[in-house]
Amino acid sequence: MSAASHWSGASQAIETTIGTPGAAFVVFPLADSTRLGIILTKMGRVTWSGFSRLVGLALIAAMIGTALAQTPVERGKYLVNTIMTCQNCHTPKGDRGVPIFTRDLSGGLSWDEPPFKVTASNITQDKTHGIGAWTDAQVKALLRTGKRPTGVQLAEIMPTNFYGIITERDTDAIVAYLRTVKPIDNTVPDPVYKIALPHVAAPGSEKPFTEADLADPVKRGFYLATIGHCFECHTPMGPKGREFASAYGKGGFDFPGPWGVSTSRNITSSKTKGLGDWSDAEIKRAITQGISRDGSHLKPPMGFEFYANMTDADLNALVAYLRTVPAKE
Ligand code: HEC
Ligand code: HEC
1 MSAASHWSGA SQAIETTIGT PGAAFVVFPL ADSTRLGIIL TKMGRVTWSG
51 FSRLVGLALI AAMIGTALAQ TPVERGKYLV NTIMTCQNCH TPKGDRGVPI
101 FTRDLSGGLS WDEPPFKVTA SNITQDKTHG IGAWTDAQVK ALLRTGKRPT
151 GVQLAEIMPT NFYGIITERD TDAIVAYLRT VKPIDNTVPD PVYKIALPHV
201 AAPGSEKPFT EADLADPVKR GFYLATIGHC FECHTPMGPK GREFASAYGK
251 GGFDFPGPWG VSTSRNITSS KTKGLGDWSD AEIKRAITQG ISRDGSHLKP
301 PMGFEFYANM TDADLNALVA YLRTVPAKE
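Numbering (my numbering), first residue to last: 1 to 329.
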């Protein structure tokens with residue numbers, strides 16, 4: 001079953017992106033109220049050998065070095081602008097879908113779905129229209145739970161159901177970076193909710209990771225895949241919602257858009273249907289350049305151009321994790 005996503009708010013730009021694969025539009029897979037209220041089954045724990053643990057330790061030293069060299073603002077900027085693709089939704093788009101970075105994060109795409117009609121908010125430091133008047137604790141609570149200071153649950157088009165895993169340090173870093181975002185006076189339409197929306201944590205994201213978790217490359221890869229909500233798009237939707245328990249990473253979810261329809265692919269370790277036989281370089285090229293193994297160009301809405309600025313260490317961790325995802329065919 002697929003679910004078309006109906007979004008507007010940049011309709012002119014949408015029209016002009018037809019036939020330009022790689023344009024950064026998100027069409028989001030949450031369309032149907034049957035998904036709401038679904039209970040997700042916890043995924044099994046990653047297991048790994050002592051050998052990879054040793055290799056891991058060497059990588060960790062390099063990663064910790066990088067992490068320490070970064071200020072919280074730099075770390076936050078990196079997360080926001082790469083793996084978490086906040087700009088893909090919150091930055092307005094101009095001609096041919098190109099983000100207007102002079103109005104960065106001042107409000108973006110809209111989604112009109114049966115249970116709600118929402119627009120990606122102005123999250124600049126503007127005190128009236130943005131989040132400039134929110135306290136740090138309020139921004140953190142929003143990221144972790146999807147709850148606004150008013151207590152209202154937002155529509156999890158914004159993937160806060162994947163964000164419970166974010167470490168304390170990274171949550172602080174994201175907030176620190178958001179504080180530096182230039183205030184822009186832009187009003188987006190108020191959200192309309194037709195039902196009270198639930199918050200159901202995605203598998204493995206129920207509680208924050210620790211710094212020790214991040215030092216383990218496979219777990220770090222899982223962390224990145226989670227905050228990047230890869231497996232939301234890459235898991236099919238069944239009658240009861242996203243089929244994480246039975247088809248995690250199997251692909252097969254449709255994204256209609258100006259590009260026609262793209263269908264998420266199998267990113268499990270299956271050698272025949274998934275990435276099992278791909279080289280690391282081929283997987284990284286697909287993620288960062290939108291080029292499949294056979295050289296063909298992949299279509300939106302995956303945010304290739306944001307992933308392109310990830311560090312090689314993070315891309316390696318992501319690949320290391322993808323290698324552990326049980327094969328589904
Ligand atoms: C897939 C699209 C998408 C992504 C990615 C996304 N958001 Fe959002 N965000 C939204 C939408 C849509 C809303 C409004 C939802 C609603 O009104 O129910 C929202 C709401 C918010 C709000 C609430 C603002 C308010 O005034 O109530 C904050 C804060 C926010 N996002 C920050 C972020 C940050 C920071 C990131 C990246 C770490 C991010 N978002 C990533 C779509 C997205
Ligand atoms: C917004 C939805 C979305 C998100 C988020 C997303 N993807 Fe994708 N991805 C897709 C779609 C759709 C395709 C297929 C595009 C096409 O066929 O043109 C795809 C293609 C791929 C491919 C190419 C597979 C092949 O057989 O060519 C890989 C690898 C991949 N994604 C991995 C990831 C990883 C890793 C992440 C997280 C960092 C991620 N994706 C996040 C939707 C998404």
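Note that beta-carbon positions come from the ideal geometry of N, C-alpha and C, so glycine has one too.
In this structure, what does DSSP give as the bridge partners for residue i?
| i | result |
| --- | --- |
| Met237 | Arg242 |
| Asp254 | Thr263 |
| Thr119 | Ser110 |
| Gln338 | Given a span of 1 to 329 for the chain in the structure shown, any question on residue 338 remains unanswerable. |
| Pro99 | Lys93 |
| His199 | Note: His199 sits in no beta bridge, so no partner. |
| His129 | DSSP, once it has assigned bridges, lists no residue as partnering His129. |
| Tyr248 | Bridge partners of Tyr248: none, in fact. |
| Val192 | Lys117 |
| His297 | Ile291 |
Residue i: buried (16+ other C-beta within 10 angstroms of its C-beta) or exposed?
| i | result |
| --- | --- |
| Ser279 | exposed |
| Lys93 | buried |
| Val319 | buried |
| Ser246 | exposed |
| Gly151 | exposed |
| Tyr321 | buried |
| Gln87 | buried |
| Asp277 | exposed |
| Asn266 | buried |
| Asp216 | buried |
| Pro301 | buried |
| Gly249 | buried |
| Ile195 | exposed |
| Trp111 | buried |
| Pro189 | exposed |
| Gly260 | exposed |
| Val226 | Reading off the sequence shown, one finds Thr at residue 226, where the question assumed Val. The residue is buried, with at least 16 neighbouring Cβ atoms inside 10 Å. |
| Thr272 | exposed |
| Ala317 | buried |
| Thr91 | buried |
| Lys240 | exposed |
| Ala286 | buried |
| Glu329 | exposed |
| Thr243 | Just to set this straight, residue 243 is Glu in the shown sequence, not Thr. Buried. |
Heavy atom of ligand 2 less than 8 Å from the Cβ of residue i, yes or no?
| i | result |
| --- | --- |
| Gly303 | yes |
| Phe255 | yes |
| Leu298 | yes |
| Thr263 | yes |
| Ser270 | no |
| Tyr248 | no |
| Arg293 | yes |
| Ala212 | no |
| Ile287 | yes |
| Ala225 | yes |
| Ile283 | yes |
| Leu322 | yes |
| Leu79 | no |
| Leu275 | yes |
Kindly examine ligand 1 and report whether one of its heavy atoms sits closer than 8 Å to the Cβ of residue i.
| i | result |
| --- | --- |
| Asn266 | no |
| Cys230 | no |
| Ile174 | yes |
| Trp111 | yes |
| His234 | no |
| Met84 | yes |
| Arg242 | no |
| Phe116 | yes |
| Asn309 | no |
| Gly164 | no |
| His199 | no |
| Pro217 | no |
| Ser121 | yes |
| Ala155 | yes |
Report the CB separation of residue i from residue j in whole angstroms; it is logged as a contact under 8 Å.
| i | j | result |
| --- | --- | --- |
| Gly164 | Lys207 | 6 Å |
| Val175 | Asp136 | 5 Å |
| Leu178 | Val118 | With a Cβ gap of about 19 Å, Leu178 and Val118 do not count as contacting. |
| Gly251 | Ser264 | 5 Å |
| Thr85 | Gly303 | 4 Å |
| Thr71 | Asn309 | Not quite, the Cβ-Cβ distance comes to about 17 Å (not below 8 Å), so this is no contact. |
Report yes if the C-beta of residue i is less than 8 Å from at least one heavy atom of ligand 4; otherwise report no.
| i | result |
| --- | --- |
| Leu318 | Because ligand 4 does not appear in the structure shown, any question about it cannot be addressed here, the ligands present being ligand 1 and ligand 2. |
### Task
Specify whether the stretch 292-300 and the stretch 70-86 touch according to this definition: at least 3 beta carbon pairs, one from each stretch, less than 8 Å apart.
These segments do not touch.
### Query
Should the stretch 124-134 be called in touch with the stretch 184-191, which here means at least 3 C-beta pairs below 8 Å?
Yes: at least three Cβ pairs fall under 8 Å.
### Query
So, do the stretch 311-321 and the stretch 209-221 have three or more beta carbon pairs nearer to each other than 8 Å?
With the cut-off at 8 Å, the stretch 311-321 and the stretch 209-221 touch.
### Query
Taking one C-beta from the stretch 137-147 and one from the stretch 158-165 each time, how about it: are there three or more such pairs within less than 8 Å?
Note that the stretch 137-147 touches the stretch 158-165; at least 3 beta-carbon pairs, one per stretch, sit closer than 8 Å.
### Task
Check whether the stretch 200-207 touches the stretch 93-105, counting contact only when three or more Cβ pairs, one atom from each stretch, lie closer than 8 Å.
Result no; under three Cβ-Cβ pairs closer than 8 Å.
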